[in-house]
């Protein structure tokens, strides 16, 4: 297996559905970041609620130009990488890519919507602003499972923080926001994966 092998490709390549903006009804704003806004939308064609991360093409191109990143290819390379990473998932603690929106002005990635709060908001709502030992052990175990799955695909998350850990309807966690993730080179990934696994279990 050579150094250029891609370990985060999905086992079975699936077409990413293109969503029609006309069928998406904006319900609320879920969050804002440096690269875009996340909306809660309803897909009126299916009745499903989705989290839609919307990014302005002009802003992405400006940041690309200002950062002098022309050597890495397209200014949208990171977005398509995040799309491909999301497509590769098949795990209950990670989101599914539900579709892509693209116009001449925006690019959007739609994933499963988590109706619960993020881990930081949930902590602040606790009586003493902290979780019990049992809850901490449960959350830690779920994070290890999610990260172990990612490392098995050759993906390094690189953005683990309470705000990026959502609570699902069933009480389980879900990692979100993969725009900072990267993939390991195949020739070095076995040692790195073992290192990450040891760190997780420490």
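Numbering (the numbering used here), first residue to last: 1162 to 1363.
The C-beta atom is built at its ideal place from N, Cα and C for all residues, glycine as well.
Excluding the 5 residues flanking residue i on each side, which residues of the same chain have their C-beta closer than 7 Å to its C-beta?
i	result
residue 1240	1216, 1268
residue 1276	1330
residue 1174	Per-residue confidence for residue 1174 stands at a pLDDT of 49, beneath the threshold of 50, marking its modelled position as unreliable; the derived number appears in the next sentence. The answer is none, since no qualifying residue turns up.
residue 1187	1200, 1202
residue 1192	1199
residue 1206	1184
Is residue i buried or exposed, if buried means 16 or more other CB atoms sit within 10 Å of its CB?
i	result
residue 1199	buried
residue 1185	buried
residue 1272	buried
residue 1321	exposed
residue 1260	buried
residue 1294	exposed
residue 1338	buried
residue 1316	buried
residue 1181	exposed
Give me, in chain order, the residues of the same chain whose beta-carbon lies closer than 8 Å to that of residue i; leave out the 5 immediate sequence neighbours on both sides.
i	result
residue 1334	1254, 1280, 1300, 1303, 1304, 1307, 1326, 1327, 1328
residue 1286	1278
residue 1323	1279, 1280, 1281, 1284
residue 1232	Here residue 1232 scores only 48 on pLDDT, less than 50, and its place in the model should not be relied on; the value that follows carries that caveat. Nothing meets the Cβ criterion.
Are the C-beta of residue i and some C-beta of chain D separated by less than 8 Å?
i	result
residue 1193	No chain D is present in this structure, which holds just one protein chain.
Tell me residue i's beta-bridge partners as DSSP assigns them.
i	result
residue 1210	1203
residue 1343	1317
residue 1188	Residue 1188 is not bridged to any residue.
residue 1328	1334
residue 1369	Residue 1369 lies beyond the residue range present for the chain, which begins at 1162 and ends at 1363; the question has no answer from this structure.
residue 1267	1217
residue 1155	Residue coverage of the chain in this structure runs from 1162 to 1363, which leaves residue 1155 outside it and unanswerable.
residue 1198	1193, 1215
residue 1179	1261
Would you say residue i touches the ligand ATP, meaning its beta carbon is less than 7 Å from a heavy atom?
i	result
residue 1180	Among the components of this structure there are no ligands whatsoever, and the ligand ATP is therefore not found.
Find out if the Cβ-Cβ distance for the pair residue i, residue j is shorter than 8 Å.
i	j	result
residue 1310	residue 1211	no
residue 1218	residue 1266	yes
residue 1189	residue 1201	yes
residue 1291	residue 1284	yes
residue 1213	residue 1246	no
residue 1244	residue 1343	no
residue 1340	residue 1183	no
residue 1318	residue 1336	yes
Leaving aside the five residues before and after residue i along the sequence, list all residues of the same chain whose C-beta is less than 6 Å from its C-beta, in chain order.
i	result
residue 1221	1236
residue 1257	1273
Item to check | Ordered list of alpha helix (DSSP H) runs contained in the segment 1213 to 1265, each at least 4 residues | outcome: 1218 to 1227, 1238 to 1248
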